[in-house]
Structure formats: C-alpha cells, structure tokens
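*Asks:* Dropping the structure in here first, questions after.
In the working numbering, the protein residues as written are 101 to 312.
Structural data, given as structure tokens:
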C-alpha cells in the first residue's frame, strides 16, 4: 500500500499510542491533572498531522456553511443534547469548583475544533476506504481513544455508558460531515456534548456516573 494511503490509516493509532504513553509517564506524579498534558499532546499531534496533510486553507474550508438538508442540523442538536441531564443534575459542581468550571468551559470551546478536524475533516478526506467504511473506521478509533487515553485516569471514560454515547456521536458526526461537507454543525454538537458531560469534572473524577 502506498505511503499516502497508509498514513491516514495509521495516524489515529499513532495519536492514541502517543497520548497513552505520555499519560502513563506523567500520571505517576500528576494524578488526574495529567489531563492537561494529555490535552496538549493530543491536540498538538492530531492537528499537526491534519495540517501537514490538508494545509491551512483546506482546514478553514472545513467550517464553511453547511450544505444539504436541515435534518442534519436537527440530528446534530439531538446528539448534542444526549448528556444534558448530567449537567442539570450536577449544577452544584459549578459553584463548588469555580476554577474547574472555568477550565471546563475553555475545554468545551477548544476541544471540538481539534477533534473534529482530525477525526472527521482529516480522516474522512484521506482514508483510502469507501466513505461508509471511513466513517466506521474513524468512529471506532474515536471511541477507543477515550478509554485508552482519558480512561487511564478518568473512571467515567471507561464506562459502558460512555462507550455507547461515543459510538452514536462518532457515527452521527461522520455522517453529518459527509452529508453537509462542513464541520460547523459537528462542532456545535460536540461543544454541547462537552458542556453537558462535564468533561473536566469527569477527568478529575469529581463526577463519576452511576452505572448500576
């Protein structure tokens, strides 16, 4: 297989492995706060790969005005609302941990950009598979990246509930990007998810879902 076809297949595996190794190295003395190191390594490595392959102009075009039916906007919003109950049932955390709340809002704004550019914009543009299989491959590695990286220190990221939600999100966001030729609605939906599921609180195990 030619190098240009092999790179996008291996890129997510490299990013996950790098994130896991860095996390394991720093976790011994940073505990859950290793999430900060992981975020920068994860964002940096995944964006560098996408940028080197696509270039600045192509990345900006990923957020152009969406085309196609508005049903994809509705579907994006519905996916974004999946974790809303988590936020509504744990609002006391926001006032109890103001510094974490600030980090949570910042993460919710930044993370969707990097993840959508890599997992949807880059991979679905470069994977040498039929688009349906590309969506499945991208979604599958997006799902496993969570327990393999974030799950090293975050209990919630190892739960079956998280896996089910991530499967739905990965597939839907891939479909939305393919159908609308834009990451805009994917970004909005992803931002809503990061707000609803209390990401940084989850990283610090300040919120751990009950899984019965």
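Even glycine gets a Cβ: it sits at the ideal position worked out from N, Cα and C.
1. Within 10 Å of its beta-carbon, does residue 123 have 16 or more other beta-carbons around it, so buried, or fewer, so exposed?
2. Residues in the same chain with beta-carbon distance under 6 Å from residue 304, minus the five sequence neighbours each way, listed in chain order, please.
3. Let me check understanding here. Comparing Cα to Cα, which of 166, 279 and 262 lies closest to residue 308?
4. Taking 8 Å as the cut-off, decide whether the C-beta atoms of residue 220 and residue 283 are in contact.
5. Quick one: is residue 167 buried, meaning 16 or more other Cβ sit within 10 Å of its Cβ, or exposed?
6. DSSP on residue 294, reduced to helix/strand/coil?
7. Assuming residue 147 contacts residue 218 (C-beta within less than 8 Å), just tell me the rounded distance between them.
8. What does a CB cutoff of less than 6 Å around residue 295 pick up in its chain, not counting 5 residues either side in sequence?
9. Taking Cβ positions, are residue 252 and residue 120 nearer each other than 8 Å?
*Replies:* This is what the structure gives:
1. Position 23 of the chain shown, counted from the start, is the residue given in the question as residue 123. By the 10 Å Cβ count, residue 123 comes out buried.
2. Taking the chain shown and counting its residues from 1, one reaches residue 304 at position 204. In chain order, 132 place their CB closer than 6 Å to the CB of residue 304, counting only its own chain and leaving out the 5 sequence neighbours on each side.
3. Taking the first residue of the chain shown as position 1, residue 308 is located at position 208. Ranking 166, 279 and 262 by CA distance to the CA of residue 308 puts 262 first.
4. On the chain shown, residue 220 is found 120 positions in, with the first residue counted as 1. On the chain shown, residue 283 is found 183 positions in, with the first residue counted as 1. Residue 283 is positioned such that its CB atom lies closer than 8 Å to that of residue 220.
5. Taking the chain shown and counting its residues from 1, the one referred to as residue 167 is at position 67. The residue in question, residue 167, is exposed, as its Cβ has fewer than 16 Cβ neighbours within 10 Å.
6. The residue given as residue 294 occupies position 194 in the chain shown. Residue state, collapsed to three classes: helix.
7. Taking the chain shown and counting its residues from 1, one reaches residue 147 at position 47. Taking the chain shown and counting its residues from 1, one reaches residue 218 at position 118. Yes, they are in contact, since the Cβ atoms of residue 147 and residue 218 sit about 7 Å apart, within 8 Å.
8. Counting from one through the chain shown, the residue named residue 295 turns up at place 195. Taken in chain order, the residues that qualify are 208.
9. Position 152 of the chain shown, counted from the first residue, corresponds to residue 252. Position 20 of the chain shown, counted from the first residue, corresponds to residue 120. For residue 252 and residue 120, yes; Cβs fall inside 8 Å.
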